[in-house]
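Counting in my numbering, the sequence shown runs from 855 upward without gaps. Even for Gly, the Cβ is constructed at its ideal location relative to N, Cα and C. Here the structure is a predicted model, which is why all the values come from computation and not from measurement.
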Amino acid sequence: VVIPKRISEAKCREYSRFAAKRQNGVCYNSRSPHTVAIIDLNQRHISSGSIISERFVLTKAPSLFDIFVSDVVWDDLWVRLGNQPDKKVIREISHPDYDPETLRHHIMLLEMDSPLAFSNRLVPVCLANL
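Structure (C-alpha cells):
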C-alpha cells in the first residue's frame with residue numbers, strides 16, 4: 855500500500871531543487887533564504903515571517919499590545935523580500951483558535967498580491983510533517 859505524501863512533503867521535494875548544497879550536506883544558500891520582513895507603508899519593520907509558498911508567508915498574529923500601543927496600520931502591510939520588489943499583503947488569516955489575550959495559537963498567514971519567483975536565494979521553508 856502506497857501512502858500519499860502530504861502536500862508540504864511534496865512541496866519540500868519540489869523546492870529542494872533551489873537549495874545549493876556543499877559536499878558535506880550543509881546548505882550553501884544564504885543563512886535564511888525563507889525569511890522575510892513584514893513592513894508598513896512607512897517602511898518600518900513590524901515583524902518577520904517565513905515563506906511557505908508562492909503566495910503565503912507565516913508570521914505571528916498581532917497581540918493586544920501590538921494593536922493598542924502601536925500606530926501600525928494593519929491593513930497596509932507589505933512583505934520585503936530582499937532583492938525582489940516588495941509584495942502587498944492582500945489578506946491576513948489568523949489561526950481559527952487564536953486568542954489575543956493569552957496569545958495561544960499566535961500565528962497568522964499573510965497572502966501576497968502576486969506570486970514569488972523562487973531562486974537559490976529565495977525559497978520557502980519546509981514545514982514539519984507531524
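Cross-strand partners of residue i (DSSP beta bridge)
i	result
H899	I893
S973	L976
R958	D953
I861	Note: I861 sits in no beta bridge, so no partner.
I947	L963
I905	V911
R934	A891
Residues near residue i in its chain [Cβ-Cβ closer than 7 Å; skip 5 each side]
i	result
D930	D894, L895
E946	M962, L964
H899	A891, I893
S901	I892, T913, K914
S904	H888, T889, V911, L912, V979
S948	A915, M962
Whole-angstrom C-beta distance between residue j and residue i, which should lie under 8 Å
i	j	result
T913	L964	6 Å
Residues near residue i in its chain [Cβ-Cβ closer than 8 Å; skip 5 each side]
i	result
K941	W932, V933, L935, M966, D967, S968, L970
I944	E965, M966, D967
P939	none
Cβ-Cβ distance between residue i and residue j below 8 Å
i	j	result
I906	V979	yes
P916	R975	no
Same chain, Cβ closer than 6 Å to residue i, five either side skipped, listed in chain order
i	result
D951	H959
R867	none
K865	none
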